[in-house]
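Reading through the structure tokens given below for one structure.
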Amino acid sequence: MTTADERTTTDYDHHSVDYAENSRAINAELRAKCPVAHTSAHGGFWVVSRYDDVIAVAKNDETFASGYTVDGVTPLGVVIPSSPVPMFPIEMDPPDYLPYRKLLNPLFSPAVSKSWEPRIAKWVDTCLDQVIEKGSFDIVGDLANPVPSLFTCEFLGLPIEDWKLFGDVQHEIIYTPPEEQGPVIERYMQVVGRVYETIVARRNNPIDDVISKLVTAEIDGEPITDEMVISIVNLIMAGGFDTTTAVTANSLIYLADHPEARQHLIDNPDAIPTACEEFLRWFTPQQGLARTVTKPVTVGDVELEPGERVLISWASANQDDAAFDRPDEVILDRFPNRHTTFGMGIHRCIGSHIARNELYTMVRRVLERMPDYRVDHTNAQRYPTIGVINGWINVPATFTPGERLGSASLPGA
Ligand code: HEM
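Just so you know, we're using the numbering used here here: the sequence shown kicks off at 10 and counts up by one.
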């Protein structure tokens, strides 16, 4: 038994350039040699890397808290280092957390998410229409970033003409180094302003959108405060935008680089959802999230103490050969595929049905409308670090021009 005093230390840092470049090898070494490892990075934390341990920690929300503070003072929550402001309700624990999830669940149910499919398809085609005659586009800037933003504005009830501000801020905040974030934070404050204006408008005049549902709901007999609604809306944007952007960009790059796989999906579009499930496993857009230990507990053969921080590596779990046959290969028809990409336990991703639909639709329509697209690898830029999102800044591509399906331009253009 390893105690907290004899911890196995590593130099693991999910935000390091080394991790961005060698994440699969780093995760494999952790799983093999040190599946519950301690690092001194970012004030010190444990990283849990084996599939079974990841599931056990994520499902034990009593012992592994998500709350922004556990002692009422120190910022903790689900990211390492901690976020400067809390994100609710993801950084809450039961019992306070449960009524919020109960309120949100019906808005994201499989049936409701399915009813949004035509709108997602419409936004995908409108984005592709803007570039189809040119023969060139940026997979991130013209498609994978705009679609989640356009869709989510419509879904939440935010002003649709501001989709670019919302989408760009969520994308840029992820890859801009902390010392250069001033201008992005300023624009982030503009986003918060727009959200607040919408909340005020909906409190006075509710309509059929998510923000109206939030401002007219009650928790324990009280209306939800404006601050809480702002936090929930921000979380839906932060959780839903760049994650989806990242996996779509990675999937389309993979298909451009693997012509047989691309042709297989062009010939068999029904195989796209199962293939996308494998892309979700393989690329794991959100690589890992944190918890805080609330009571003494043993994970693997390591004893953890209250107050210690733990990073749950969804990415490493997805690469574990104890859970996946040939995990180091992309197997387009892998089934079953019990990946951890959307998390596990009570905080499991509420937007997974929407995310899947956005991803399937973007991949399908690109393969249908620009089947010979080629990625310009020389000018494609990956995120310098992938500790928050495993994504791309931009991914230029070219293709044989085609025809528009409609004449609409994007809102606000
Ligand atoms: C491929 C895309 C996505 C990935 C990889 C992803 C990943 C995740 C993960 C891993 C969690 C679990 C957090 C935890 O355990 O602490 C989560 C939670 C969440 N996700 Fe997603 N997500 C995606 C798309 C979306 C979308 C499209 C939305 C909304 C439209 C969304 C909204 C949320 C929210 C609100 C939570 C918090 C749920 C709670 O605390 O109850 N996500 N997501």
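Note that CB positions come from ideal geometry on N, CA and C, so glycine has one too.
The model shown is predicted, which means the values in this text are computed figures rather than measured ones.
Query	Result
Determine the direct distance from the alpha carbon of Arg374 to that of Asn213, and round the result to whole angstroms.	40 Å
The beta strand (DSSP E) spanning Gly166 covers which residue range?	Run containing Gly166: none; DSSP gives neither H nor E here.
Going by Cα to Cα distance, which pick from Pro232, Val384, Ala324 and Arg347 is closest to Ser145?	Val384
Please state whether the Cβ-Cβ distance between Val66 and Trp323 is less than 8 Å.	no
Do you know how far the Cα of Gly52 is from the Cα of Asp14?	With a pLDDT of 45 at Asp14, under the threshold of 50, the modelled position of this residue cannot be trusted; read the value that follows with caution. Distance between the alpha carbons of Asp14 and Gly52 is about 16 Å.
State the start and end residues of the unbroken alpha helix (DSSP H) segment that holds Trp172.	Trp172 to Tyr184
Helix, strand or coil for Pro215, going by three-state DSSP, please let me know.	coil
Count the other CB atoms within 10 Å of the CB of Arg290; is the residue buried (16 or more) or exposed (fewer)?	buried
Following the continuous alpha helix (DSSP H) through Glu312, name the residue where it begins and the one where it ends.	Premise fails: Glu312 lies in the beta strand (DSSP E), Val311 to Leu313, not in any alpha helix (DSSP H).
Output needed for Gly166: all residues of its chain with C-beta closer than 8 Å, excluding positions within five of it in sequence on either side, in chain order.	Thr207, Arg211, Ile216, Asp218, Val219, Ile220 and Ser221
When you compare the CB positions of Leu368 and Ser260, do they come within less than 8 Å of one another, or not?	yes
With a 10 Å radius around its C-beta and 16 neighbouring C-beta atoms as the bar for buried, classify Ala417 as buried or exposed.	exposed
Are the stretch 243 to 250 and the stretch 178 to 189 in contact at 8 Å, needing three or more beta carbon pairs?	yes
Give a yes or no on whether the C-beta atoms belonging to Ile99 and Asn366 are separated by under 8 Å.	no
Ignoring anything shorter than 3 residues, give me the beta strand (DSSP E) runs that lie fully in the stretch 325 to 381, in order along the chain.	none
CA-CA distance, Thr350 and Gln296?	8 Å
Decide if Val56 is buried, meaning its Cβ has at least 16 other Cβ atoms within 10 Å, or exposed.	buried
Would DSSP call Gly191 helix, strand or coil?	helix
Could you tell me if Ala331 is buried or exposed, where buried requires 16 or more neighbouring beta carbons within 10 angstroms of its beta carbon?	exposed
Out of Asp337, Val372, Glu317 and Ile194, which one is the CA nearest neighbour of Leu264?	Val372
Tell whether a beta-carbon distance below 8 Å holds between Gln7 and Asp147.	Summary: the structure shown does not reach residue 7, with the chain confined to residues 10 through 422, and so no result is reported for it.
What's the call for Thr254, buried or exposed, on a 16-neighbour Cβ count within 10 Å?	buried
Shorter than 7 Å, the distance from the beta carbon of Pro294 to the closest heavy atom of the ligand HEM, or not?	yes
CB of Ala364 to nearest heavy atom of the ligand HEM: below 7 Å?	yes
Shorter than 7 Å, the distance from the beta carbon of Thr78 to the closest heavy atom of the ligand HEM, or not?	no
List the residues that DSSP assigns as beta-bridge partners of Ala37.	Partner(s): none; Ala37 has no beta bridge.
Quick check on the burial criterion: 16 or more other C-beta atoms within 10 angstroms. Buried or exposed for Ile241?	buried
Using the Cβ count rule (16 or more neighbours within 10 Å means buried), how would you classify Ile262?	buried
Going by other Cβ atoms of all chains shown within 10 Å of its Cβ, with 16 needed for buried, is Phe292 buried or exposed?	buried
Output the distance between the C-alpha atoms of His348 and Asn399, rounded to the nearest integer angstrom.	16 Å
Alpha carbon to alpha carbon, how far is Gly411 from Pro108?	49 Å
Report the option in Gly316, Met237 and Asp310 whose CA atom is closest to the CA atom of Lys304.	Gly316
Tell me the start and end of each unbroken beta strand (DSSP E) in the stretch 75 to 137 that is at least 3 residues and wholly inside, in chain order.	none
Which of helix, strand or coil does DSSP assign to Gln139?	coil
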